[in-house]
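Counting along the sequence shown from 1, when you hit position 21 you're at 465 in this note's numbering, and nothing is skipped either side.
Where is the CB? At the ideal position from N, CA and C, for every residue including glycine.
Read through the structure below, which is laid out as structure tokens, and then see the notes.
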Amino acid sequence: MKQELVNIRAGNAFALSDGQGDMEADPCAPIGLFSFDTRFLSRWVLTLNGERLHALSRDELAYFETRFVLVPGAASHYVDADVSVIRHRSINDSFNERITVLNHSAEPAEFTVRMDIGSDFADTAEILRPEPRQPAVVADAVHQQLRICYQRGRFTRESVVSSTAPAEVDQRGMTFRIRVAPDGTWHTDLHVAMIIRGAEGRDLRSSLESHRQHVHQVMPEDLARWFDHAPQLIAERETLMSAYRQALTDLASLRYMPLSYTERVPVGGLPWAMALYGRDALVTCLETLPFTPELTPATLRLLALLQGGQLDDYHDEEPGKILAELRYGESAAFGEQPTAFYYGAADTTPLFVILLDEYERWTGDVELVRQLRHPARMALDWLDEYGDPYGDGYLRYQPRNTVNGLANQTWRNSPEAIVDRHAVAPPYPRATCELQGYAYDAKIRGARLAREFWGDPGYADRLEAEAARLRERFDRDFWLPHRGYYALAITPDGEPVDALTSHLGHLLWSGIVEPERADALAAHLSGPELFSGWGVRTYATGQRPYNPVGAHLGAVWPSDNALVAAGLRRYGYDAEAAQVAAGILAVAETLGGSVPEVIAGFPREITKYPVQLPEAGRPQSWASGGLLMLLATMLGLRPCGENLLANPYVPDGYGRIELLDVPGRWGRADAYGRDRTTGRRVRVGGAAGQRRTVG
445 MKQELVNIRA
455 GNAFALSDGQ
465 GDMEADPCAP
475 IGLFSFDTRF
485 LSRWVLTLNG
495 ERLHALSRDE
505 LAYFETRFVL
515 VPGAASHYVD
525 ADVSVIRHRS
535 INDSFNERIT
545 VLNHSAEPAE
555 FTVRMDIGSD
565 FADTAEILRP
575 EPRQPAVVAD
585 AVHQQLRICY
595 QRGRFTRESV
605 VSSTAPAEVD
615 QRGMTFRIRV
625 APDGTWHTDL
635 HVAMIIRGAE
645 GRDLRSSLES
655 HRQHVHQVMP
665 EDLARWFDHA
675 PQLIAERETL
685 MSAYRQALTD
695 LASLRYMPLS
705 YTERVPVGGL
715 PWAMALYGRD
725 ALVTCLETLP
735 FTPELTPATL
745 RLLALLQGGQ
755 LDDYHDEEPG
765 KILAELRYGE
775 SAAFGEQPTA
785 FYYGAADTTP
795 LFVILLDEYE
805 RWTGDVELVR
815 QLRHPARMAL
825 DWLDEYGDPY
835 GDGYLRYQPR
845 NTVNGLANQT
855 WRNSPEAIVD
865 RHAVAPPYPR
875 ATCELQGYAY
885 DAKIRGARLA
895 REFWGDPGYA
905 DRLEAEAARL
915 RERFDRDFWL
925 PHRGYYALAI
935 TPDGEPVDAL
945 TSHLGHLLWS
955 GIVEPERADA
965 LAAHLSGPEL
975 FSGWGVRTYA
985 TGQRPYNPVG
995 AHLGAVWPSD
1005 NALVAAGLRR
1015 YGYDAEAAQV
1025 AAGILAVAET
1035 LGGSVPEVIA
1045 GFPREITKYP
1055 VQLPEAGRPQ
1065 SWASGGLLML
1075 LATMLGLRPC
1085 GENLLANPYV
1095 PDGYGRIELL
1105 DVPGRWGRAD
1115 AYGRDRTTGR
1125 RVRVGGAAGQ
1135 RRTVG
């Protein structure tokens, strides 16, 4: 097995290295120092007297800093080492590394410390096969700096490496010739500034620096505030509390400030999705409203600012459509990829309206609802005008960009993800079932916003009537009576795409399912074809395309399962929801650390251990958020006017769970539950600013 890689991260900046702290470009992994979709360091290799170092230990101090203790030579030499090296590494909007050399002998010693440094400025989009570039390198011995600069037209990226100790600087790195006293130490601080210059030559990242000070001053305080504002979990199972804290930590680490924007929003996750993804950000915010509601206003405002305003085939843009992806790399800047502003998603637009309404229900922030009235109405208009090309009331997608746009514009966005049980892909435009659920939910919620906050009861009546017709039509056209579930999609001719998938849970979550159908859906979601023991598979066994290691054809996603469990509880299937929650929580507790984006769909009784997929990101914002949503689902948390309601149903074996200081329009409230619950509805909270505890 390959050596474990080590990462530190802050927002969308991250460094990925080997276990010794060295970074060398690898065709199989995004190793190096990255920020805003560019690799600023592709080589960062430390040697002592020309010899590579080996790790004695590594301390992961926080998500933004780590420490390596190293010695020269092979493992057999460790006990005899008379010199050791400590690398203390941290990241914020720059990269910092303190190198300390310790002489353990009774005599003074001379050493040659060398840091090989290089950058290929590869775009994240091409990281596995980077194009050759010829950056300009300036070795500035006077200022103890190595400047590496890449420029293509007005696209300029620069890495500036500086040292606090005297160094011999050449175009390939820095050399330190040092003498260390007996039992003495020597150190230097290396600082790597990552510079992005705009058309006028100004460093666009300087505005970000002005919002923060040094990593050791601000980031620990910021993380402490983050935990102080989030609810406190007290549970009999220590592993559950550890998983909860890790999820909160991951969410803190995956907040970034886009260029020319002054608030932090969630990125998708490490390593491939360290950028704004509209779907990921919206789902993450929906998952975390009872825990970290502060993520939502910034996300909604940014997506409203970037909302589509024209017809643009290359970027799949349409008026009212909500962004799918925002990238700053070279391929985006020059239009080689459409990702500078890419709108190829059919679900982000209804999810925008859903989140706006759900946020108000939790927080009572009427001002934001009024501020975003126009973007929300544009989004609702898009559902009928551009999202419904046939005028039959169904939300469909078809890529405008047929060159390098996404073939599938839902969360299952791999090219082979939307197929029937015989592996036949339907023609475009595709109307997948969960899109209809999201559209239904958006119209219901939009009607509430229009009636209660926008002063437009006529518009509210229209939306509710459209939602009712959609629900009736959906049940008629998507229901497969001989199979007992809703079709994955229907073709333009109305033929069902008869695959059995986890989307059934999304339909329950949206509320579009007729109550008499819910029994059958719950049975499928909890049955062996879909439920692996670790969670609900994206695609059920017994169908030709099923593949347990296929991301959207049989694997298990925590984010997907969070919506599935919430949907089951919405329709009263408490035991089935608890089963799903227990499976995903078992993944988190068994693996330890960050929740993976996706695991294989092998049956739990066969593998006995969650099988991770090599392409899976870790941490991922909506995977970490999914863990929190599952916890809220177990406790049955939901807002009701100025009160928080709790209806706990805790899986067997979890004992007592307490969630203290849940934020919302009620102020702060506590909730608890224990396994083998009676399912009794418990009222928590009171008037805004007050606190109630259920004990």
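Three-state secondary structure (DSSP) at residue i?
| i | result |
| --- | --- |
| Gln690 | helix |
| Ala1132 | Low per-residue confidence applies at Ala1132: pLDDT is 36, beneath 50, and the placement is therefore not dependable, though the value from the model is reported in the following sentence. Three-state DSSP puts Ala1132 in coil, outside helix and strand. |
| Glu860 | coil |
| Ile1101 | strand |
| Phe565 | coil |
| Met663 | helix |
| Gly455 | coil |
| Glu811 | helix |
| Asp426 | This structure cannot settle anything about residue 426, because the visible part of the chain is limited to 445 through 1139. |
| Asp584 | strand |
| Val450 | strand |
| Trp855 | coil |
| Met618 | strand |
| Met718 | coil |
| Asp791 | coil |
| Asp1004 | helix |
| Gly713 | strand |
| Leu460 | strand |
Between residue i and residue j, is the Cβ-Cβ spacing less than 9 Å?
| i | j | result |
| --- | --- | --- |
| Ala454 | Ser603 | no |
| Thr743 | Pro782 | no |
| Pro972 | Ala1022 | no |
| Asn547 | Asp526 | yes |
| Phe620 | Thr556 | yes |
| Pro1002 | Tyr882 | no |
| Asp760 | Pro675 | no |
| Arg1014 | Pro1040 | no |
| Ala691 | Gly1117 | no |
| Glu878 | Ala869 | no |
| Tyr872 | Pro940 | no |
| Leu1012 | Ala1067 | no |
| Ala933 | Arg874 | yes |
| Pro702 | Ala473 | no |
| Tyr803 | Leu914 | no |
Just the Cα atoms here: how many angstroms apart are residue i and residue j?
| i | j | result |
| --- | --- | --- |
| Ser654 | Leu667 | Reliability of the predicted coordinates at Ser654 is poor, the pLDDT of 45 falling under 50, and the value obtained from them is presented with this limitation in mind. If I take the Cα positions, the gap works out to 19 Å. |
| His658 | His635 | Unreliable positioning characterises His658 in this predicted model, as indicated by a pLDDT of 46, which lies under 50. The coordinate reading is nonetheless provided below. Computed Cα separation, rounded: 12 Å. |
| Arg1082 | Ala1090 | 7 Å |
| Glu1049 | Glu541 | 45 Å |
| Ala1060 | Arg889 | 33 Å |
| Gly1016 | Arg533 | 49 Å |
| Val957 | Asp921 | 13 Å |
| Asp836 | Pro901 | 25 Å |
| Val1128 | Trp953 | Reliability fails at Val1128, whose pLDDT of 49 lies under 50, so the model's placement of it is uncertain and the value that follows must be treated cautiously. Cα-Cα distance, rounded: 23 Å. |
| Arg699 | Gln1064 | 11 Å |
| Leu799 | Asp825 | 17 Å |
| Pro552 | Trp488 | 28 Å |
| Gly1047 | Gly994 | According to the sequence provided, residue 1047 is Pro. The question's Gly does not apply to it. Those two C-alpha atoms are separated by around 14 Å. |
| Leu726 | Pro734 | 15 Å |
| Ala506 | Ile452 | 8 Å |
| Arg623 | Glu731 | 55 Å |
| Arg805 | Tyr758 | 37 Å |
| Val450 | Asp963 | 46 Å |
| Thr740 | Asn991 | 35 Å |
Can you find a C-beta in chain C that's less than 9 Å from the C-beta of residue i?
| i | result |
| --- | --- |
| Gly1027 | Among the chains in the structure shown there is no chain C, since it carries only a single protein chain. |
Of the choices the options, whose alpha-carbon is the least far from that of residue i?
| i | options | result |
| --- | --- | --- |
| Thr693 | Met663, Phe512, Glu910 | Met663 |
| Ala886 | Ala679, Ala1060, Arg1109, Asp791 | Asp791 |
| Leu974 | Cys472, Leu951, Gly1111, Thr945 | Thr945 |
| Leu755 | Arg511, Gly831, Ala1113 | Gly831 |
| Met1078 | Gly463, Tyr1093, Glu1102 | Tyr1093 |
| Ala1010 | Val529, Val980, Leu812, His866 | Val980 |
Provide the residue(s) that pair with residue i in DSSP beta bridges, ordered along the chain.
| i | result |
| --- | --- |
| Met1148 | In this structure the chain extends from 445 to 1139, so residue 1148 is not present and cannot be described. |
| Arg1112 | Pro1107 |
| Tyr983 | Thr945 |
| His498 | Val515 |
| Cys1084 | Asn1087 |
| Trp630 | Val545 |
| Val529 | Leu514, Val545 |
| Pro940 | Ile934 |
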